[in-house]
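Working notes, beginning with the structure itself.
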Amino acid sequence: MHIAELEKAVRAVARADRGLPVLATLAGAQGFNVPLPAEFDTAAKSLMRRLQERTSEEGKSQDMPPEWI
Amino acid sequence: MLHRLRTEVRKVVERYCDEPIHRGEILRALRRGGFAFHPQAACRAGVLTLQVHRAIAGLPSSAAIRAAAAVELLMEAAFIFDHVADQEVVLQHGLSPAEELGLAIAILNCGLAAACEATHWEGRGADGHQSLLHLLRSCISACTGQFLDAYLERRDSATAEEALAMTSLKAGSLGKLAAEFGARMATDDAETIRLFGEFGINLFTYLQLIDDLRDACATRIAQTDLTRRKKTLPLVFFYNAMLQSNNDNEAGNSSTRLEEEFEASGAGVFCTIAAEAFLNRAKSTLADLRGRVREVKCLEEFIEALVLNAEGFLTLS
Chain A
-4 MHIAELEKAV RAVARADRGL PVLATLAGAQ GFNVPLPAEF DTAAKSLMRR
46 LQERTSEEGK SQDMPPEWI
Chain B
892 MLHRLRTEVR KVVERYCDEP IHRGEILRAL RRGGFAFHPQ AACRAGVLTL
942 QVHRAIAGLP SSAAIRAAAA VELLMEAAFI FDHVADQEVV LQHGLSPAEE
992 LGLAIAILNC GLAAACEATH WEGRGADGHQ SLLHLLRSCI SACTGQFLDA
1042 YLERRDSATA EEALAMTSLK AGSLGKLAAE FGARMATDDA ETIRLFGEFG
1092 INLFTYLQLI DDLRDACATR IAQTDLTRRK KTLPLVFFYN AMLQSNNDNE
1142 AGNSSTRLEE EFEASGAGVF CTIAAEAFLN RAKSTLADLR GRVREVKCLE
1192 EFIEALVLNA EGFLTLS
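Respectively, the protein sequence lines represent chains A and B. Heads up, the first sequence is in the working numbering, so the first residue is -4 and it goes up one at a time. Heads up, the second sequence is in the working numbering, so the first residue is 892 and it goes up one at a time.
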């Protein structure tokens, strides 16, 4: 697991301060292509998908800190 | 299942702890929040052992229940040690750190005694001996993780690799212990046992990372963790981000400001993606086990419940 690669990628996105959610950006949902090791790319996408599903099912988006989605 | 597990845990303590004062304190400790006898306790480790055994062999035998009680007691001992190490128990329960450690060591040995009984009841002979040795090896790995946790805390800084290795040893080893012991009580197939060991490591590492994130974000604990410079994965990310931005003056910041900086640093997303990678590994291992065991549905449901619970903490924090 190349955790340092994930660390660099998240830090770069958080510092870019485009006003975009970090997870969505890493998961490619904002149109930006952020290079991530395959395992973390898959993880970002599966996490994003699960949070979106839960948000739409339970209407809990107001409870989530904005940076999550 | 949970009721039988708790009953078995109590039986083991009553069987091996003769001195009433000592036995009473152990049973009282096990009623604390998060511990086995607390009404809301999930007993994750013991239940994982039972679910793995069920996936391989169906309805659990008496030996399997005793094995699960053994694992749960080992986990409870680790909890008490962890609380002492985090200085969360001093006077909180009316006991000194030395008394707390005395309870932890007794509970650990109750767990090992129960593990000996379980393998004996299962009639596994030489295989039972091997099962116990593997259980002890995983216990020692978890102790290594506990040691590294304290060792890293003493240092000024740590890398994400070091924090993750410590987490995987500390929590992942307990997951391996729980899943592998359940598997060894039900089968001799080396590959099935190995896969369950991997499953346990990845599942408990996921849970620990989510717990670390919850603790970092919880106001009461954030003050403690941040000021103590704990080297959990999310906090290592945060400290290193602050160092890189030449903003390492958190001692003078308010806890609210620190929480805001923590959120803005991306530490939450970083830790959650890392945790998700371990969860995906656990799910992938479970897929590999399909066809090798009777059923994996019970474990899929177990994971689903754990994830819902873990992410409930995240969204509500």
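Built from N, CA and C at the ideal position, the CB exists for glycine as well. Values in this document were obtained by computation on a predicted structure and should not be read as measured data.
| Check | Outcome |
| --- | --- |
| Which residue spans inside the stretch 1120 to 1187 of chain B form an unbroken alpha helix (DSSP H) run of at least 4? | 1124 to 1135, 1146 to 1156 and 1158 to 1180 |
| Which bits of chain A does residue 1168 of chain B rub up against, with CB to CB less than 7 Å? | -4, 34, 35 and 38 |
| Any idea what DSSP makes of residue 41 of chain A, helix, strand or coil? | helix |
| Would you please state the rounded distance, in angstroms, between the beta carbons of residue 1063 of chain B and residue 1092 of chain B? I believe it to be under 8 Å. | 4 Å |
| Can you look up residue 929 of chain B in the DSSP assignment and give me helix, strand or coil? | coil |
| Under 8 Å, Cβ to Cβ, is there at least one residue of chain B near residue 29 of chain A? | no |
| Confirm, please, whether the CB-CB distance from residue 969 of chain B to residue 1009 of chain B is below 8 Å. | no |
| Mind listing the chain A neighbours of residue 1029 of chain B? Cutoff is C-beta to C-beta under 7 Å, in chain order. | What residue 1029 of chain B touches in chain A: nothing, since even the nearest Cβ is about 20 Å away. |
| Does the stretch 986 to 993 of chain B touch the stretch 930 to 939 of chain B, meaning 3 or more C-beta pairs lie closer than 8 Å? | no |
| By Cβ distance, which residues of its chain are closer than 6 Å to residue 912 of chain B, with the 5 residues on each side in sequence left out? | none |
| So is residue 987 of chain B buried or exposed if we call it buried at 16+ other beta carbons inside 10 Å? | exposed |
| Could you tell me whether the Cβ atoms of residue 38 of chain A and residue 1000 of chain B are closer together than 8 Å? | no |
| Quick check on the DSSP output: what are the complete beta strand (DSSP E) runs of length 3 or more inside the stretch 898 to 969 of chain B, in order along the chain? | none |
| Using a Cβ-Cβ cut-off of 8 Å (strictly less than) and excluding sequence neighbours within five positions of residue 1113 of chain B, which residues of its own chain qualify? | Any reading at residue 1113 of chain B must be qualified, since the residue scores a pLDDT of 45, below 50, and its modelled position is unreliable; the value itself is stated next. For residue 1113 of chain B, where only same-chain residues beyond five positions count, the Cβ hits under 8 Å are 1106, 1107, 1146, 1149, 1150 and 1153. |
| Between residue 44 of chain A and chain B, is there a C-beta pair that is closer than 8 Å? | no |
| CA-CA distance, residue 1049 of chain B and residue 1157 of chain B? | 18 Å |
| Please state whether the Cβ-Cβ distance between residue 1067 of chain B and residue 1022 of chain B is less than 8 Å. | no |
| Which residues mark the beginning and the end of the alpha helix (DSSP H) in which residue 1061 of chain B is found? | It is not in any alpha helix (DSSP H) - residue 1061 of chain B carries neither H nor E in the DSSP assignment. |
| Output yes if chain B places a C-beta closer than 8 Å to the C-beta of residue 11 of chain A; else output no. | no |
| What is the rounded straight-line gap between the Cα of residue 1267 of chain B and the Cα of residue 1065 of chain B? | Outside the displayed range of chain B (892 to 1208) lies residue 1267 of chain B, so it cannot be described from this structure. |
| Within 10 Å of its beta-carbon, does residue 898 of chain B have 16 or more other beta-carbons around it, so buried, or fewer, so exposed? | exposed |
| How many angstroms separate the CA atom of residue 18 of chain A from the CA atom of residue 1054 of chain B? | 22 Å |
| With 8 Å as the threshold, decide whether the Cβ of residue 1000 of chain B is near any Cβ in chain A. | no |
| For a contact meaning CB atoms closer than 7 Å, what does residue 1165 of chain B contact in chain A? | -2 and 1 |
| Shorter than 8 Å from the beta carbon of residue 1023 of chain B to some beta carbon of chain A? | no |
| Can you tell me whether residue 925 of chain B is buried or exposed? The criterion is at least 16 other CB atoms within 10 Å of its CB, across all chains shown. | exposed |
| Are any of the Cβ atoms in chain A nearer than 8 Å to that of residue 1093 of chain B? | no |
| Going by beta-carbon coordinates alone, are residue 21 of chain A and residue 29 of chain A separated by less than 8 Å? | yes |
| Is the beta carbon of residue 1034 of chain B sitting closer than 8 Å to the one on residue 1100 of chain B? | no |
| Ignore the nearest five residues each way along the sequence and tell me which others in residue 40 of chain A's own chain have a CB closer than 6 Å to its CB. | 22 |
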